[in-house]
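Structure, as C-alpha coordinates:
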Amino acid sequence: MENSCDKQYVKSAMEKYDELVKITKDNMNLHKEKDKPLTVKVGSKYYGILCTKETVESSKILKLRSDDIIITSYPKCGSTWLRQIILQLVINDYWESEIPQFLASPMIEFMGSSVVDQYPSPRVLKTHYDFDDCPKSDECKFIYIVRNPKDAIVSYYHHMTNLSFYHFQEASFEEFFNHFFSKEMEWGNYFDNVKSWIPMLDKPNVLFLVYENLKKDLPSNILKIAKFLGGDVSKKYQTVEDIKDIVEKSSFNFMKKNVNRFTEDPTIPTFIRKGTTKDWKNHLTKDQSDKVDELFKKTFANTSLEYLWLDEMKF
1 MENSCDKQYV KSAMEKYDEL VKITKDNMNL HKEKDKPLTV KVGSKYYGIL CTKETVESSK
61 ILKLRSDDII ITSYPKCGST WLRQIILQLV INDYWESEIP QFLASPMIEF MGSSVVDQYP
121 SPRVLKTHYD FDDCPKSDEC KFIYIVRNPK DAIVSYYHHM TNLSFYHFQE ASFEEFFNHF
181 FSKEMEWGNY FDNVKSWIPM LDKPNVLFLV YENLKKDLPS NILKIAKFLG GDVSKKYQTV
241 EDIKDIVEKS SFNFMKKNVN RFTEDPTIPT FIRKGTTKDW KNHLTKDQSD KVDELFKKTF
301 ANTSLEYLWL DEMKF
(Lines of atoms letter the chains of each structure in order from A; the text may use other names.)
(Lines give C-alpha, C1' and ligand atoms only; values in the text may rest on other atoms or scores of the structure.)
Protein backbone atom coordinates (compact mmCIF):
# COMPACT_ATOMS: atom_id res chain seq x y z
CA MET A 1 0.00 0.00 0.00
CA GLU A 2 1.32 3.46 -0.90
CA ASN A 3 2.57 5.49 2.02
CA SER A 4 0.22 8.46 2.45
CA CYS A 5 3.16 10.83 2.86
CA ASP A 6 4.49 9.74 -0.56
CA LYS A 7 1.43 11.00 -2.41
CA GLN A 8 2.11 13.96 -4.69
CA TYR A 9 -0.44 16.29 -3.11
CA VAL A 10 1.09 15.66 0.32
CA LYS A 11 4.57 16.33 -1.07
CA SER A 12 3.32 19.59 -2.61
CA ALA A 13 1.82 20.65 0.72
CA MET A 14 5.03 19.84 2.57
CA GLU A 15 7.11 21.78 0.05
CA LYS A 16 4.75 24.74 0.43
CA TYR A 17 5.01 24.55 4.20
CA ASP A 18 8.83 24.52 4.04
CA GLU A 19 8.69 27.56 1.77
CA LEU A 20 6.43 29.41 4.22
CA VAL A 21 8.67 28.58 7.17
CA LYS A 22 11.67 29.98 5.27
CA ILE A 23 9.78 33.19 4.50
CA THR A 24 8.83 33.48 8.17
CA LYS A 25 12.39 32.93 9.36
CA ASP A 26 13.63 35.53 6.90
CA ASN A 27 11.04 37.95 8.36
CA MET A 28 9.76 38.73 4.89
CA ASN A 29 6.13 39.74 4.45
CA LEU A 30 5.65 40.08 8.21
CA HIS A 31 3.99 42.93 10.08
CA LYS A 32 5.38 43.75 13.52
CA GLU A 33 4.44 46.56 15.83
CA LYS A 34 5.80 47.28 19.28
CA ASP A 35 4.30 45.05 21.98
CA LYS A 36 2.26 43.07 19.46
CA PRO A 37 2.75 39.61 17.94
CA LEU A 38 3.98 39.09 14.41
CA THR A 39 1.28 38.91 11.76
CA VAL A 40 0.95 39.08 7.99
CA LYS A 41 -0.96 42.05 6.64
CA VAL A 42 -2.75 41.59 3.33
CA GLY A 43 -4.73 44.62 2.28
CA SER A 44 -6.34 46.03 5.42
CA LYS A 45 -6.55 42.71 7.30
CA TYR A 46 -4.15 40.66 9.40
CA TYR A 47 -3.50 36.93 9.09
CA GLY A 48 -1.33 34.20 10.58
CA ILE A 49 2.40 34.38 9.97
CA LEU A 50 2.48 31.37 7.66
CA CYS A 51 0.19 33.20 5.24
CA THR A 52 1.42 35.14 2.23
CA LYS A 53 -0.32 37.60 -0.07
CA GLU A 54 -0.53 34.86 -2.71
CA THR A 55 -1.97 32.16 -0.45
CA VAL A 56 -4.52 34.52 1.11
CA GLU A 57 -5.74 36.00 -2.15
CA SER A 58 -5.94 32.67 -3.98
CA SER A 59 -7.67 30.86 -1.10
CA LYS A 60 -10.40 33.49 -0.86
CA ILE A 61 -11.50 32.61 -4.38
CA LEU A 62 -10.80 28.88 -4.08
CA LYS A 63 -13.14 26.83 -6.27
CA LEU A 64 -14.97 24.57 -3.84
CA ARG A 65 -16.29 21.14 -4.78
CA SER A 66 -19.72 19.81 -3.91
CA ASP A 67 -18.24 17.14 -1.61
CA ASP A 68 -15.83 19.46 0.23
CA ILE A 69 -16.05 19.69 4.02
CA ILE A 70 -14.94 23.08 5.36
CA ILE A 71 -14.04 23.31 9.05
CA THR A 72 -14.16 26.92 10.12
CA SER A 73 -13.76 28.77 13.41
CA TYR A 74 -11.94 31.59 15.09
CA PRO A 75 -8.48 30.39 16.25
CA LYS A 76 -8.31 28.32 19.47
CA CYS A 77 -11.99 27.45 19.37
CA GLY A 78 -11.78 23.75 18.54
CA SER A 79 -10.88 23.40 14.87
CA THR A 80 -7.96 21.01 15.52
CA TRP A 81 -10.26 18.83 17.62
CA LEU A 82 -12.95 18.94 14.93
CA ARG A 83 -10.40 18.04 12.26
CA GLN A 84 -9.43 14.93 14.23
CA ILE A 85 -13.05 13.83 14.41
CA ILE A 86 -13.96 14.50 10.79
CA LEU A 87 -10.83 12.99 9.25
CA GLN A 88 -11.60 9.74 11.06
CA LEU A 89 -15.22 9.82 9.89
CA VAL A 90 -14.37 10.54 6.27
CA ILE A 91 -11.06 8.75 5.58
CA ASN A 92 -10.83 5.02 6.17
CA ASP A 93 -7.80 4.14 8.31
CA TYR A 94 -6.85 7.83 8.59
CA TRP A 95 -5.10 7.38 11.94
CA GLU A 96 -3.13 4.37 10.74
CA SER A 97 -1.84 6.38 7.76
CA GLU A 98 0.39 8.40 10.13
CA ILE A 99 -0.04 11.50 7.98
CA PRO A 100 0.18 14.73 10.04
CA GLN A 101 -3.15 16.46 10.42
CA PHE A 102 -2.04 19.70 8.76
CA LEU A 103 -1.19 17.72 5.61
CA ALA A 104 -4.29 15.51 5.64
CA SER A 105 -6.53 18.55 6.03
CA PRO A 106 -4.85 21.66 4.58
CA MET A 107 -5.48 25.12 5.93
CA ILE A 108 -6.47 27.03 2.84
CA GLU A 109 -4.97 30.41 3.77
CA PHE A 110 -1.60 28.75 4.47
CA MET A 111 -1.47 26.55 1.39
CA GLY A 112 -3.29 28.61 -1.23
CA SER A 113 -5.25 27.27 -4.18
CA SER A 114 -2.25 25.88 -6.09
CA VAL A 115 -1.74 23.24 -3.39
CA VAL A 116 -5.33 22.74 -2.21
CA ASP A 117 -6.53 22.13 -5.79
CA GLN A 118 -4.28 19.05 -5.93
CA TYR A 119 -6.07 17.28 -3.07
CA PRO A 120 -8.42 14.45 -4.04
CA SER A 121 -12.08 14.47 -3.09
CA PRO A 122 -13.57 14.46 -0.58
CA ARG A 123 -11.38 17.25 0.81
CA VAL A 124 -11.45 18.17 4.49
CA LEU A 125 -10.33 21.80 4.52
CA LYS A 126 -9.74 24.19 7.38
CA THR A 127 -9.92 27.97 7.66
CA HIS A 128 -10.09 30.72 10.27
CA TYR A 129 -11.59 33.17 7.79
CA ASP A 130 -14.63 35.22 8.66
CA PHE A 131 -17.58 34.70 6.33
CA ASP A 132 -16.63 37.58 4.05
CA ASP A 133 -13.17 36.14 3.34
CA CYS A 134 -14.24 32.50 3.10
CA PRO A 135 -14.82 31.01 -0.37
CA LYS A 136 -18.52 30.40 -0.98
CA SER A 137 -20.62 27.41 -2.02
CA ASP A 138 -24.23 26.32 -1.52
CA GLU A 139 -23.35 22.68 -2.13
CA CYS A 140 -20.39 21.71 0.07
CA LYS A 141 -20.59 21.26 3.85
CA PHE A 142 -19.46 23.97 6.29
CA ILE A 143 -18.99 23.19 9.98
CA TYR A 144 -18.53 26.22 12.22
CA ILE A 145 -17.50 25.74 15.86
CA VAL A 146 -17.61 28.44 18.54
CA ARG A 147 -16.14 28.60 22.03
CA ASN A 148 -16.73 30.73 25.11
CA PRO A 149 -14.65 33.84 24.28
CA LYS A 150 -13.14 33.94 27.77
CA ASP A 151 -11.64 30.47 27.36
CA ALA A 152 -10.62 31.31 23.79
CA ILE A 153 -8.67 34.31 25.11
CA VAL A 154 -6.76 32.17 27.62
CA SER A 155 -6.01 29.44 25.08
CA TYR A 156 -4.83 31.99 22.52
CA TYR A 157 -2.61 33.70 25.09
CA HIS A 158 -0.78 30.46 25.87
CA HIS A 159 -0.57 29.68 22.16
CA MET A 160 1.07 32.97 21.22
CA THR A 161 3.41 33.21 24.20
CA ASN A 162 4.65 29.63 23.83
CA LEU A 163 5.45 29.82 20.11
CA SER A 164 8.68 31.71 19.54
CA PHE A 165 7.88 32.75 15.97
CA TYR A 166 5.27 35.22 17.24
CA HIS A 167 8.04 37.17 19.03
CA PHE A 168 5.54 37.62 21.86
CA GLN A 169 6.93 35.34 24.60
CA GLU A 170 7.37 38.11 27.16
CA ALA A 171 3.83 39.45 26.87
CA SER A 172 1.76 39.58 30.02
CA PHE A 173 -1.79 38.28 30.04
CA GLU A 174 -3.04 41.86 30.37
CA GLU A 175 -1.12 42.90 27.25
CA PHE A 176 -2.55 40.01 25.27
CA PHE A 177 -6.05 40.58 26.64
CA ASN A 178 -6.01 44.15 25.35
CA HIS A 179 -4.66 43.06 21.97
CA PHE A 180 -7.32 40.35 21.62
CA PHE A 181 -10.00 42.96 20.97
CA SER A 182 -7.97 44.67 18.26
CA LYS A 183 -8.60 44.29 14.54
CA GLU A 184 -4.83 43.76 14.33
CA MET A 185 -5.17 40.27 15.79
CA GLU A 186 -4.36 37.62 13.21
CA TRP A 187 -7.65 36.75 11.49
CA GLY A 188 -9.15 39.83 13.10
CA ASN A 189 -11.40 40.18 16.10
CA TYR A 190 -13.18 37.18 17.67
CA PHE A 191 -16.52 38.97 17.88
CA ASP A 192 -16.42 40.16 14.27
CA ASN A 193 -15.53 36.66 13.07
CA VAL A 194 -18.32 34.89 14.94
CA LYS A 195 -20.92 37.54 14.11
CA SER A 196 -20.11 37.29 10.40
CA TRP A 197 -21.18 33.63 10.37
CA ILE A 198 -24.48 34.02 12.27
CA PRO A 199 -26.67 34.64 9.17
CA MET A 200 -25.37 31.36 7.71
CA LEU A 201 -26.00 29.12 10.71
CA ASP A 202 -29.51 28.07 9.67
CA LYS A 203 -28.48 27.11 6.13
CA PRO A 204 -28.92 23.39 5.32
CA ASN A 205 -25.26 23.02 4.32
CA VAL A 206 -23.93 24.62 7.54
CA LEU A 207 -23.58 22.82 10.89
CA PHE A 208 -23.14 24.98 13.98
CA LEU A 209 -21.30 23.37 16.92
CA VAL A 210 -20.47 24.61 20.40
CA TYR A 211 -17.12 23.58 21.91
CA GLU A 212 -18.56 23.21 25.39
CA ASN A 213 -21.27 20.86 24.11
CA LEU A 214 -18.62 18.56 22.65
CA LYS A 215 -16.87 18.56 26.02
CA LYS A 216 -20.11 17.57 27.76
CA ASP A 217 -21.15 14.84 25.33
CA LEU A 218 -18.64 13.98 22.63
CA PRO A 219 -20.34 10.80 21.30
CA SER A 220 -23.69 12.46 20.54
CA ASN A 221 -21.94 15.35 18.80
CA ILE A 222 -19.84 13.00 16.67
CA LEU A 223 -23.05 11.22 15.61
CA LYS A 224 -24.57 14.64 14.87
CA ILE A 225 -21.62 15.43 12.60
CA ALA A 226 -21.88 12.04 10.87
CA LYS A 227 -25.58 12.57 10.19
CA PHE A 228 -24.88 16.05 8.81
CA LEU A 229 -22.17 14.74 6.46
CA GLY A 230 -24.64 12.20 5.10
CA GLY A 231 -23.90 9.58 2.45
CA ASP A 232 -21.70 6.65 3.41
CA VAL A 233 -20.57 8.40 6.60
CA SER A 234 -24.07 8.63 8.06
CA LYS A 235 -24.76 5.01 7.09
CA LYS A 236 -21.54 3.71 8.65
CA TYR A 237 -21.77 5.65 11.92
CA GLN A 238 -25.23 5.46 13.48
CA THR A 239 -24.65 4.31 17.06
CA VAL A 240 -22.27 5.03 19.93
CA GLU A 241 -20.74 1.59 19.40
CA ASP A 242 -19.98 2.50 15.77
CA ILE A 243 -17.90 5.51 16.85
CA LYS A 244 -16.22 3.99 19.90
CA ASP A 245 -12.72 4.14 18.37
CA ILE A 246 -13.24 7.68 17.07
CA VAL A 247 -14.32 8.87 20.52
CA GLU A 248 -11.20 7.36 22.07
CA LYS A 249 -8.86 8.89 19.48
CA SER A 250 -10.58 12.27 19.81
CA SER A 251 -10.04 12.55 23.56
CA PHE A 252 -7.63 15.25 24.71
CA ASN A 253 -5.52 12.71 26.59
CA PHE A 254 -5.03 10.72 23.39
CA MET A 255 -4.34 13.81 21.29
CA LYS A 256 -1.87 15.19 23.82
CA LYS A 257 0.05 11.89 23.82
CA ASN A 258 0.21 12.07 20.02
CA VAL A 259 0.88 15.79 19.64
CA ASN A 260 3.26 15.17 16.72
CA ARG A 261 0.21 14.40 14.56
CA PHE A 262 -1.48 17.71 15.30
CA THR A 263 1.16 20.37 14.75
CA GLU A 264 3.67 21.30 12.11
CA ASP A 265 6.28 21.37 14.90
CA PRO A 266 6.07 18.40 17.33
CA THR A 267 8.52 20.13 19.70
CA ILE A 268 5.72 22.50 20.76
CA PRO A 269 4.51 20.92 24.01
CA THR A 270 1.50 23.18 24.51
CA PHE A 271 -0.14 22.92 21.08
CA ILE A 272 -2.64 20.52 22.64
CA ARG A 273 -2.72 22.22 26.03
CA LYS A 274 -5.76 21.52 28.22
CA GLY A 275 -8.93 21.60 26.18
CA THR A 276 -10.83 22.46 29.35
CA THR A 277 -13.68 24.86 30.03
CA LYS A 278 -13.80 27.71 32.54
CA ASP A 279 -10.00 27.92 32.77
CA TRP A 280 -10.56 31.63 32.19
CA LYS A 281 -11.43 31.99 35.89
CA ASN A 282 -7.74 31.40 36.65
CA HIS A 283 -6.69 34.31 34.46
CA LEU A 284 -9.30 37.05 33.99
CA THR A 285 -9.91 39.76 36.56
CA LYS A 286 -13.43 40.93 37.35
CA ASP A 287 -12.93 44.02 35.19
CA GLN A 288 -11.68 41.91 32.29
CA SER A 289 -14.58 39.49 32.65
CA ASP A 290 -17.03 42.39 32.67
CA LYS A 291 -15.46 43.82 29.51
CA VAL A 292 -16.00 40.54 27.66
CA ASP A 293 -19.58 40.33 28.97
CA GLU A 294 -20.34 43.84 27.79
CA LEU A 295 -18.94 43.27 24.32
CA PHE A 296 -20.66 39.90 24.05
CA LYS A 297 -24.05 41.43 24.88
CA LYS A 298 -23.48 44.30 22.48
CA THR A 299 -22.38 42.04 19.62
CA PHE A 300 -24.86 39.19 19.94
CA ALA A 301 -28.02 40.92 21.20
CA ASN A 302 -31.09 39.67 19.30
CA THR A 303 -29.15 36.83 17.66
CA SER A 304 -29.21 33.06 18.16
CA LEU A 305 -26.07 33.39 20.31
CA GLU A 306 -27.53 35.92 22.73
CA TYR A 307 -28.04 33.45 25.60
CA LEU A 308 -25.15 31.11 24.87
CA TRP A 309 -22.78 30.42 27.79
CA LEU A 310 -24.94 32.12 30.43
CA ASP A 311 -23.48 29.90 33.16
CA GLU A 312 -20.01 29.43 31.67
CA MET A 313 -19.36 33.19 31.53
CA LYS A 314 -20.41 34.05 35.09
CA PHE A 315 -17.51 35.40 37.13
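Here full-length UniProt numbering is used: the first residue of the sequence shown is 1, the next is one more, and so on. Beta carbons: idealized from backbone N, C-alpha and C, even for Gly.
Which of helix, strand or coil DSSP assigns to Pro240: Before going further, note that residue 240 is Val rather than Pro in the sequence given. Three-state DSSP puts Val240 in coil, outside helix and strand.
Closer than 7 Å: Asp311 CB and nearest the ligand ADP heavy atom: As for the ligand ADP, it is missing from this structure, which has no ligand bound.
Continuous beta strand (DSSP E) assignments of at least 3 residues falling wholly in the region 127 to 207: 141 to 146
Cα-Cα separation between Tyr129 and Thr72, rounded to whole angstroms: 7 Å
Cβ contact check for the region 245 to 256 and the region 184 to 194: 3 or more pairs under 8 Å: no
For Met107, three-class secondary structure by DSSP: strand
Residue of His159, Ile243 and Arg65 minimising C-alpha distance to Asn221: Ile243
Arg123 vs Arg65 beta-carbon contact at 8 Å: yes
contact_flag[the region 304 to 312, the region 287 to 294] where n(CB pairs < 8 Å) is 3 or more: no
Identity of the residue in Ser79, Ser114 and Pro37 nearest Glu54 by Cα: Ser114
Minimum C-alpha distance to Gln118 - residue among Lys63, Ile70, Asp133 and Glu312: Lys63
Residue range of the unbroken alpha helix (DSSP H) whose run includes Val40: No alpha helix (DSSP H) contains Val40, which is instead part of the beta strand (DSSP E) from Val40 to Val42.
Three-pair Cβ contact test at 8 Å for the region 132 to 146 versus the region 207 to 216: yes
Closest residue to Asp6 among Asn302, Ala104, Val240 and Tyr47 (Cα-Cα distance): Ala104
Element boundaries [alpha helix (DSSP H), containing Thr72]: No alpha helix (DSSP H) holds Thr72; the beta strand (DSSP E) holding it covers Ile69 to Thr72.
Local Cβ density within 10 Å of Glu19, reported as buried at 16 or more and exposed below that: exposed
Residue from Phe315, Arg261 and Lys297 with nearest C-alpha to Trp95: Arg261
Residue interval of the beta strand (DSSP E) (run including Tyr47): Lys45 to Tyr47
Buried or exposed (CB count within 10 angstroms, at least 16 for buried), Ile61: exposed
Per DSSP, the bridge partner or partners of residue 356: Beyond the ends of the chain as shown, which are 1 and 315, falls residue 356; an answer cannot be given.
Within 8 Å, strictly: CB atoms of Leu284 and Phe191: no
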